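Residue numbers (the working numbering): 79 to 236.
This is the structure in structure tokens:
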């Protein structure tokens, strides 16, 4: 029994640490190659930042999606400034108890990677990308409720 409890706490701690110690990518292609490359996984990728009020407001909906829909993988791509990861982003993730996978994209050469996400993306956030095999669905908007987000995701995946 003690071993099972220890194992459960260890697994729970490792999930929390994953979100609270995000991997930093200096370019989008590296992020896509390392994090979003499994063609058998349906990804819901949310581009956000701690300084973006609509992003912060909808973050709990992505957390709920991550918890409730095991058929998808939620990846939160923080666009926070590189020099604020330790002082702002990580404390925010701990305070909000974020469990989804969080990565940081620090590539400020937006013209090189925005069109790789979607050719029509203006660069505003929040923005969400659904990747399912070769299919990509992009939306540049925020979601007002969990139900709105969930319905949008479910209507765009097979």
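The beta carbon of each residue, even a glycine, is placed where N, CA and C say it ideally should be.
For clarity, every value in this text was computed on a predicted model and none was experimentally measured.
field: Same chain, Cβ closer than 6 Å to residue 170, five either side skipped, listed in chain order
entry: If you ignore the 5 residues before and after residue 170, its C-beta comes within less than 6 Å of the C-beta of 128, all in its own chain and listed in chain order.
- prompt: What separation, rounded to the nearest whole angstrom, lies between the Cα atoms of residue 116 and residue 211?
  reply: When the Cα atoms are used, residue 116 and residue 211 turn out to be separated by approximately 8 Å.
field: CA-to-CA distance, residue 183 to residue 137, given in whole angstroms
entry: As the crow flies, the alpha-carbon of residue 137 is around 17 Å from that of residue 183.
field: Stretch pair the segment 185–201 + the segment 137–148: three plus CB contacts closer than 8 Å
entry: Cβ pair count under 8 Å is below three, so no.
message: Does the segment 158–176 come into contact with the segment 201–219, if we say contact requires no fewer than three beta-carbon pairs (one atom in each stretch) closer than 8 Å?
response: Note that the segment 158–176 does not touch the segment 201–219; fewer than 3 beta-carbon pairs, one per stretch, sit closer than 8 Å.
query: With 16 as the cutoff for other CB atoms within 10 Å, does residue 188 come out buried or exposed?
result: The residue is exposed, with fewer than 16 neighbouring Cβ atoms inside 10 Å.
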